[in-house]
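Asks: Numbering (our numbering), first residue to last: 32 to 429.
Using N, Cα and C, we set each Cβ at its ideal position, and we do this for glycine too.
Structure representation (structure tokens):
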């Protein structure tokens, strides 16, 4: 007699296979999301440009997770001086003039000012600042910053003339005049423009300057104040290939507390002995403690703390290069495939978890070794940190 109800036997098997394929598709989609996120956050500069700094706040948290440091560095070259700014910009210049004079009395190796001095009608106070910088430079080099803007940042009055320059790219900087002159030897100017990824040491920026009423591209990219200061101390840095690539190198960081910053108020106090500041034969970095905050892997810190870190890193050979975008993406993809295969071919979720965690630990150890021995920062293992628990939960509930 025929079974008019049909044979129900194969239905559960088909349903189970369909469910397995659906879970596999969802897992692969999640893996793909992890991979895209890793590539985007790891190679932000190359993909989106170094001027796109505020597009995704999550990038900062990602940076904190994947940034490795093979040791806890201490400052050996730099002393940090922080300034609480007065309201009046002209009084600020007068305060800096006095501060520079006091610092110069201690015989430092160099004075680095995390300041630009765009034209401002401050009369004799600007001249006092110039005289103070020149007097200090007779004893030790002084490095200060030039103000610059990307095309997105320039004022409307200048947009039309800059926008008309066909070769003014997204990373180019328009450099503005300065009230303080530089001679290139004892008084040196650089850019204080940071990389969007503050883990990276900013090295050079391509610039345009206005000469004889016309904007013209400089034949050479201009170094940042951190690199300019480091090259004054160690001229061989200009020949380091890691500092001349398309992407800026990474570094590990010293906390603001470890720098033991000195408040400018104490230096200006005539009753305090200069010997207490320990500035002799040090690179003294001076900057604003209030108006220039930046997100970083060591928290929200003043820009001058980042500049001090970059100088320390350059002189301590603590700069690392990463994989190219294509190679990094391929390595991350292979890691995710291995995790997927482990969970797919292992019956027990706990056993699959153990194997995948062991694989992750092996990757991190390899990355650690590459960082220590070769100065290479590998972060292709980062997507696995999220892929493993996601795969474990999927297998457990499957």
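Which value, in whole angstroms, describes the spacing of the CA atoms of residue 207 and residue 309?
Replies: Rounded to the nearest angstrom, the two C-alpha atoms are 35 Å apart.
Asks: Considering only residues of the stretch 325-368, which uninterrupted beta strand (DSSP E) runs meet the minimum length of 3 residues and lie entirely inside it, listed in chain order?
Replies: Counting only runs of 3 or more, we get 330-333.
Asks: What first and last residue would you give for the beta strand (DSSP E) that runs through residue 147?
Replies: 141-147 is the extent of the beta strand (DSSP E) around residue 147.
Asks: Label residue 312 either buried or exposed according to how many other C-beta atoms from any shown protein chain fall within 10 Å of its C-beta, with 16 as the threshold for buried.
Replies: Exposed, since its Cβ has fewer than 16 Cβ neighbours within 10 Å.
Asks: Would you tell me roughly how many angstroms separate the C-alpha atoms of residue 147 and residue 176, rounded to the nearest one?
Replies: In a straight line, the C-alpha of residue 147 is about 5 Å away from that of residue 176.
Asks: Anyone know if the C-beta pair for residue 459 and residue 414 falls short of 8 Å?
Replies: In the structure displayed, the chain extends from 32 to 429; residue 459 sits before or after that span and is not available.
Asks: Among 377, 260, 151, which residue has its Cα nearest to the Cα of residue 426?
Replies: The residue with the shortest Cα to Cα distance from residue 426 is 377.
Asks: Taking the runs of the alpha helix (DSSP H) that are 4 residues or longer, which of them lie wholly in the stretch 234-292?
Replies: Qualifying alpha helix (DSSP H) stretches, in chain order: 256-264, 287-290.
Asks: May I have the straight-line CA-CA distance separating residue 254 from residue 399, to the nearest angstrom?
Replies: One C-alpha to the other measures close to 30 Å.
Asks: Does the beta-carbon of residue 221 have 16 or more other beta-carbons within 10 angstroms, so that it is buried, or is it exposed?
Replies: Residue 221 is buried by the Cβ-count criterion.
Asks: By a C-beta neighbour count over all protein chains shown, 10 Å radius and 16 as the cutoff for buried, is residue 156 buried or exposed?
Replies: With 16 or more Cβ atoms within 10 Å of its Cβ, residue 156 is classed as buried.
Asks: DSSP three-state call for residue 372: helix, strand or coil?
Replies: Residue state, collapsed to three classes: helix.
Asks: Excluding sequence positions up to five away, which residues of its chain have a Cβ less than 8 Å from the Cβ of residue 238?
Replies: Taken in chain order, the residues that qualify are 179, 203, 204, 205, 206, 222, 248, 249, 252, 253.
Asks: So what's residue 386 in DSSP terms, helix, strand or just coil?
Replies: Helix at residue 386.
Asks: Based on Cα-Cα distance, which residue from 409, 243, 141, 288 lies nearest to residue 173?
Replies: Comparing Cα positions, the closest option is 141.
Asks: Could you say which of 278, 384, 330 lies nearest to residue 354 if we only look at CA atoms?
Replies: Among 278, 384, 330, the Cα nearest to that of residue 354 is on 278.
Asks: Compare the C-alpha of residue 167 against each of 135, 315, 235 and name the closest.
Replies: Of the listed residues, the one whose Cα sits closest to residue 167 is 135.
Asks: By a C-beta neighbour count over all protein chains shown, 10 Å radius and 16 as the cutoff for buried, is residue 139 buried or exposed?
Replies: Buried is the call here.
Asks: Could you pull out every residue in the same chain whose Cβ sits closer than 7 Å to the Cβ of residue 297, ignoring the five residues on either side in sequence?
Replies: If we look at residue 297 and ignore the five residues flanking it on each side, its Cβ neighbours are 303.
Asks: Consult DSSP for residue 232 and reduce its assignment to one of helix, strand or coil.
Replies: It is coil, neither helix nor strand.
Asks: Quick one: measure Cβ to Cβ for residue 329 and residue 143, integer angstroms, because I've assumed they're closer than 8 Å.
Replies: Contact doesn't hold; Cβ gap of about 19 Å is too wide.
Asks: Are the beta-carbon atoms belonging to residue 181 and residue 230 less than 8 Å from one another?
Replies: Not a contact, by the Cβ cut-off of 8 Å.
Asks: Do you know offhand how far residue 423's Cα is from residue 295's?
Replies: Roughly 55 Å separates the two Cα atoms.
Asks: Could you spell out the range, first to last residue, of the beta strand (DSSP E) harbouring residue 210?
Replies: Per DSSP, residue 210 belongs to no beta strand (DSSP E) and is neither H nor E.
Asks: Would you call the CB atoms of residue 333 and residue 318 closer than 8 Å?
Replies: Yes; because the gap between Cβ atoms is below 8 Å, this pair is in contact.
Asks: Within its chain, find whatever has a CB closer than 6 Å to the CB of residue 149; leave out the 5 residues flanking it on each side and keep chain order.
Replies: Excluding sequence neighbours, residue 149 sits near 178, 207.
Asks: With DSSP as the reference, label residue 303 as helix, strand or coil.
Replies: DSSP places residue 303 in coil when its eight states are reduced to three.
Asks: What would DSSP say about residue 321, mapped onto helix, strand or coil?
Replies: Coil at residue 321, not helix or strand.
Asks: For residue 401, which residues of its own chain have a beta-carbon under 7 Å away from its beta-carbon, when the five flanking residues on both sides are left out?
Replies: The residues are 407, 409.
Asks: Measure the Cβ-Cβ separation of residue 266 and residue 274 and say whether it is below 8 Å.
Replies: No, the pair does not count as a contact, with Cβ atoms beyond the cut-off.
Asks: Less than 8 Å between the C-beta atoms of residue 396 and residue 359, yes or no?
Replies: Against a cut-off of 8 Å, the Cβ pair of residue 359 and residue 396 comes out as no contact.
Asks: Can you list, in chain order, the residues of its chain with a C-beta nearer than 6 Å to that of residue 87? Leave out the 5 residues immediately preceding and following it.
Replies: Note on residue 87: pLDDT 48, under 50, position unreliable in the model; the coordinate value appears next. So the list is empty, once near-sequence residues are dropped.
Asks: Check each candidate in 349, 393, 369, 379 and name the one with the smallest Cα separation from residue 107.
Replies: Closest option to residue 107, Cα to Cα, is 349.
Asks: Ends of the alpha helix (DSSP H) at residue 205?
Replies: First-last for residue 205: 204-206, but that is the beta strand (DSSP E), not the alpha helix (DSSP H).
Asks: For residue 343, which option in 133, 379, 286 has the closest C-alpha, if you only look at C-alpha atoms?
Replies: The candidate whose alpha carbon is nearest that of residue 343 is 286.
Asks: Tell me the DSSP secondary structure of residue 406 in three-state form.
Replies: Correct three-state label for residue 406: coil.
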